[in-house]
Each structure stands twice: as C-alpha cells, then as structure tokens.
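Q: A single structure is presented below for examination.
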Amino acid sequence: MNLVPELFENIGGSLINMLIYGAIAISFLLGLSKCVFPLRKLSHLFRKAIHSLALFKPQDASRPDWQDALFLGKPMRRQWGRFLLNAEQLDQRGLSCNVEDYINDQEVFPEYTHLQLSEVIPGLLTSLGILGTFIGLMRGLGELDLTSAERTMSSITTMIGGMRFAYGTSIAGLSASLVFNILFRTAQGSATSALDDFNDAFTEAVMQRPLDDEVRSTCYMEDQALFLNGAFGDINQKLETGIGVAIDRAFAPIGQNMSAFIMAEAQTQVEGLNQIVSAFVSQLNHALGGQFVQLTKTLSQLNQAQTVSLESVNHAMNAADTIMDSIQRTSLVTQTVIDRFDNYISELSQAQSGSADISRQTANLLSGMYEDLKQQNERYKALQEAQGDLAEQMQQYASWSGRVLEAVEKQSGKAAERSHEVAGEMDKAGKLLQESYTSFVENISTGLARTMGLFEENMRDMTQEMVDNLKKAVESAPHAQGEPSPIDLKQFNRVQQALGDMTQALNRATQAAERMAEGA
Numbered sequence: 000m001n002l003v004p005e006l007f008e009n010i011g012g013s014l015i016n017m018l019i020y021g022a023i024a025i026s027f028l029l030g031l032s033k034c035v036f037p038l039r040k041l042s043h044l045f046r047k048a049i050h051s052l053a054l055f056k057p058q059d060a061s062r063p064d065w066q067d068a069l070f071l072g073k074p075m076r077r078q079w080g081r082f083l084l085n086a087e088q089l090d091q092r093g094l095s096c097n098v099e100d101y102i103n104d105q106e107v108f109p110e111y112t113h114l115q116l117s118e119v120i121p122g123l124l125t126s127l128g129i130l131g132t133f134i135g136l137m138r139g140l141g142e143l144d145l146t147s148a149e150r151t152m153s154s155i156t157t158m159i160g161g162m163r164f165a166y167g168t169s170i171a172g173l174s175a176s177l178v179f180n181i182l183f184r185t186a187q188g189s190a191t192s193a194l195d196d197f198n199d200a201f202t203e204a205v206m207q208r209p210l211d212d213e214v215r216s217t218c219y220m221e222d223q224a225l226f227l228n229g230a231f232g233d234i235n236q237k238l239e240t241g242i243g244v245a246i247d248r249a250f251a252p253i254g255q256n257m258s259a260f261i262m263a264e265a266q267t268q269v270e271g272l273n274q275i276v277s278a279f280v281s282q283l284n285h286a287l288g289g290q291f292v293q294l295t296k297t298l299s300q301l302n303q304a305q306t307v308s309l310e311s312v313n314h315a316m317n318a319a320d321t322i323m324d325s326i327q328r329t330s331l332v333t334q335t336v337i338d339r340f341d342n343y344i345s346e347l348s349q350a351q352s353g354s355a356d357i358s359r360q361t362a363n364l365l366s367g368m369y370e371d372l373k374q375q376n377e378r379y380k381a382l383q384e385a386q387g388d389l390a391e392q393m394q395q396y397a398s399w400s401g402r403v404l405e406a407v408e409k410q411s412g413k414a415a416e417r418s419h420e421v422a423g424e425m426d427k428a429g430k431l432l433q434e435s436y437t438s439f440v441e442n443i444s445t446g447l448a449r450t451m452g453l454f455e456e457n458m459r460d461m462t463q464e465m466v467d468n469l470k471k472a473v474e475s476a477p478h479a480q481g482e483p484s485p486i487d488l489k490q491f492n493r494v495q496q497a498l499g500d501m502t503q504a505l506n507r508a509t510q511a512a513e514r515m516a517e518g519a
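Position 196 of the sequence shown, counting from 1, maps to 195 under numbering that gives the first Met the number 0, and the rest follow consecutively.
The structure is reproduced here in structure tokens:
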C-alpha cells in the first residue's frame, strides 16, 4: 500500500532534480549561443576585413572590396551601408567620414550579441543554484523524523540525499556562472580588440580620420572670413570703377552739347558783328545823313542779340547746376551703399563671434557629459565590486554549510554506534535500555537544538547583511528611466522568504525533538 506514494514521491523528487539541472544547462547553452558565439563571429569578421584591407591597393582600377555592403558580413550590413552612403557624399566634396561613428561597440555589440541577456545569465545561473540549494535543504530537513531510532536513521539518510542535491545544484550554478563570465569577457575583449584594429587599419589604408569638430569649425570660420573679406574688397573695387565709368558716360554728352552750344553761339555773334560792321561801313560810305539812326537800330539789334545770348548762357549755367546736383545725389547714394556694406560686415563679425561662443558652450557641455559618464562608470564598477563581495559571501555560506553537514554526519555516526550498543544491551536490562534511550534522545535534541539555533542565527545575520549590501548597491547606482536593474530585488526577497520557511521548518523539528524528549 505504501509503494505507490513512495513511487510518486521518488518520481516527483527526480523530476525536480531534472528540472533544476536542466534549467541550469539550458541557461548556460542559451548564453553561449546568444552572447559568446556572436562575439566570436564578429571578431572573425573584423579579422577577415583587416586581412582584406592589407591586400588593398589604391592604384588598382577595379572596385575595392570595402565598397561592398557585405564587406563586414550580414551582422553589420546596415551600419556599413550607412557609412558607405555618407562617405560617398562627403568624398565628392573633398571631405572624409569617420568610420568609428558607425562601426563601434555601442552600434554593433548591443544589437547582435544580446548584451542585456549576457547581464541576466550569470544571475540566473546563480539563482537556480541557490534555488536548488534551498529545495535540497527543505527536502532533507522536512523528512527529519526523531520519533524512533529507526525513523531517525532513515530520515538522516534522506536528509543527506537532500544535502547532496543542494550542494550539487549550488556547485553547478556557480560553476556555470563563473565559466560563462570568463568565456563572455574573453570573447568581448577579443571582439573589442579586433574592432579597434579594424578602425586603425581602415583609417590607415583607405580613409583618414576627419578633423575634430572644434578644429573643423574654427578652420571653416577662418576660411569664411577670408572669403568674405576678399569678396567685399572686390565689390568695393567694382563699385568704384562702375560709378566712375557711369559718371563719365553721363557727363560726356553734356560736355559735348555745351561745347557745341558755345561754339554755335560764338559763331552767331561773330557773324552778327560782321553784318553790323558791313552795314555800318556801307552806310557810312554812301551817306552821312540818317546813318546814325540806322546805326542805332543796328546797335539795338545787336543789344537784343546780346540779350538773347546772355539768356542762352544763363540756361546753360542752370543746366550745369542741375548736373552738379545730380552728381552730388549720386555721391550720396554711393556713400549710403558703402555704409550699408560696412554695417553688413560688422553684423557678420558679430555672427562669427556668436558662433565661436556657441562652439565654446558646446565644448563645455561635452566636457560635462564626459564627467557624468565617468562618474556613471565608477558607480557601475562599485556595483560590480559589491556583486563580487556578495558572491564571496555566498561561497563562505556554502563552506559553512558543508562544515555543518559534516558535523551532523559525525553526530549521526555516533548516534548509530550508540544505538547498536543499546541494542546489544537490550537483553541485559530493560531499565538500562530506557535510561540509555532517554539519554540518547536528550543528547540528540540538545545538539540539534544548539546546531539549529546557531544555523538560524548565522542565516539571519548573513541574510540581513546580504539585503543591506544589495540595498546600498542599488541606492548608489543610478539607472536611466526604462533601463532594467542589474540586480533583481524580487529574487532576493524570494530567497529571504525561503530562508524564513526553512527556519520555521527547523523550529518545528526542534519542537518535535523536545516533545519526544519530554515523552521519554
């Protein structure tokens, strides 16, 4: 009748054992396939690309291999294609593109090597080992029965089996976590070194690194200032030449007209005088009487002609004054244009100084960001050191548990020897058997109570210290919004709860032993 429950109990225990060990193995293999092997593949692709760059000859007329989108393989096809597109546009303008902006550990590693999973795998392996440890301890201590000597011996055997499973899972989880960390760090270091070598080889063989942003901005502003100064000089020179030519072209017809007008007027006056002199001489020769009247008329006509000539000269002077006013207005317009160009040059100088201020502010901002990043790296290192201290404390706990189990085994051996002695003396006297059995139960109860008390106290202190260290590490390590925490506090809360359950089970076992001692 008891075979069926025992069979199901054995099957359930074996299934739990297989599940724990299987989960450890699956987690370890998953970490290798998703994290370690991709890093090794990236390292191989970088080394292959370096070898291809070593064979590259710039004077070769054929299309080079590095211009292919699959030059770095399918894992980095998107990043390399984006680099080729931008490099082609910059190369057409005589500029170089920085390959490190597209092929770096922040662009390539997180997407292909599952870095977030690599941070979870060691903690998962350690947690599975600790879970197996607690399951083994609960299984061994839960089956402890001190009601009789035979049941005590049988329960001790079961307890030793549970302890064996507990230590087996702890060793398996910690070993797998340690091996995975070593393999992952080695592969990551190899891939990072290959990445740096590839960037150096590419910049040396194909495309030089561009200037820094501050240097490039300074050179650009200096070139722009030189260009603008030359352009303004050319504009001023062209304006001066153009204005002079325009004035000459405008005044040339006016001068010609004035010269022609003066010559015509002078010719007219000379002809008029010739006519007057001719008439005067002819009339004077013919008759003396009446010649003065004719001479007066002639002089009047001459006076009128002189008046007309004077009016013509006045009109010419007014036209000359109008021309001079036009020249003055043209000079004012030219001066206004020159003043506006001077204002534009001053505004351009102010804009250049503003650009220099923006560059300095950008440099200060980048310096601040670098200091913040440096502080975050230091805090992350402190968190890693705290995690290492936690692992060391867990190892100390495992060593201490081994010593406790060894003491329990020795005490169990002594109890077995005492039981055999009691069995040999059963035929001699019932009273001696009763006293020996009472003494045996009291010794077992006292030793177990003392051992369980020490175990409970040490476990409580270790758990409290572990929780305090974890809280300090979490409080001292700031995380960005939405970023997963590298330490799962819920997991350690479950560990603490499991320790509390184990302590309650130990208390129940101690109370049962005390009741048995009182009954004896």
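Glycine included, every Cβ here is placed at the ideal spot set by N, Cα and C.
(1) Quick check: the Cα distance between LEU84 and SER42, rounded to an integer number of angstroms?
(2) Go to PRO37, then tell me how far its alpha helix (DSSP H) extends in each direction, as first and last residue.
(3) Under a three-way DSSP split, which group does ARG62 fall into?
(4) Whose C-alpha, out of LEU94, LEU38, PHE82, is nearest the C-alpha of ASN198?
(5) Go ahead and pull the three-state DSSP assignment for SER13.
(6) Taking 8 angstroms as the cut-off, does the segment 118–134 touch the segment 15–35 (at least 3 CB pairs, one atom from each stretch)?
(7) Should SER352 be labelled buried (16 or more other beta-carbon atoms within 10 Å of its own) or exposed?
(8) Under DSSP, the alpha helix (DSSP H) around ARG81 begins and ends at which residues?
(9) Enumerate in chain order the residues of its own chain whose CB-to-CB distance from PRO63 is below 7 angstroms, with the five nearest sequence positions on each side excluded.
(10) Do ALA53 and ALA200 count as a contact pair if the criterion is CB distance below 9 angstroms?
(11) For ASP131, count neighbouring Cβ atoms within 10 angstroms of its own Cβ and tell me buried if that reaches 16, exposed if not.
(12) Look up LEU94 in the DSSP assignment and say whether it is helix, strand or coil.
(13) Going by beta-carbon coordinates alone, are GLY167 and THR125 separated by less than 9 angstroms?
(14) State buried or exposed for SER258, treating a residue as buried only when at least 16 other CB atoms are found within 10 Å of its CB.
(15) Suppose you measure from the CA of ASP196 to the CA of ILE49; what does that come to, to the nearest Å?
(16) Compare the Cα-Cα distances from LEU69 to each of ARG39, LEU44, GLU270 and report the closest residue.
(17) How close, in whole Å, do the beta carbons of VAL107 and MET158 come, if the pair is a contact with beta carbons under 8 angstroms?
(18) If we call anything under 9 angstroms between Cβ atoms a contact, is LYS33 one with HIS113?
(19) Just confirm the distance between the C-beta atoms of MET206 and SER95, as a whole number of angstroms; I'd bet it's less than 8 angstroms.
(20) Could you tell me the alpha carbon to alpha carbon distance between HIS478 and GLN374, rounded to whole angstroms?
A: According to the data block:
(1) Approximately 24 angstroms, taken between the alpha carbons.
(2) 36–53
(3) Reduced to three states, the DSSP call for ARG62 is coil.
(4) PHE82
(5) Helix at SER13.
(6) yes
(7) exposed
(8) 76–91
(9) PHE55
(10) Yes, Cβ-Cβ distance for ALA200 and ALA53 is below 9 angstroms.
(11) The question names Asp, yet the displayed sequence has Gly at residue 131. Classification of GLY131: buried, given that the 10 Å Cβ count is 16 or more.
(12) coil
(13) no
(14) exposed
(15) One C-alpha to the other measures close to 8 angstroms.
(16) LEU44
(17) Their Cβ separation, rounded to whole angstroms, is 52 angstroms, which puts VAL107 and MET158 out of contact at 8 angstroms.
(18) yes
(19) 5 angstroms
(20) With a pLDDT of 47 at HIS478, under the threshold of 50, the predicted position of this residue should be treated as unreliable, though the coordinate-derived value follows. Taking C-alpha positions only, HIS478 is separated from GLN374 by approximately 12 angstroms.
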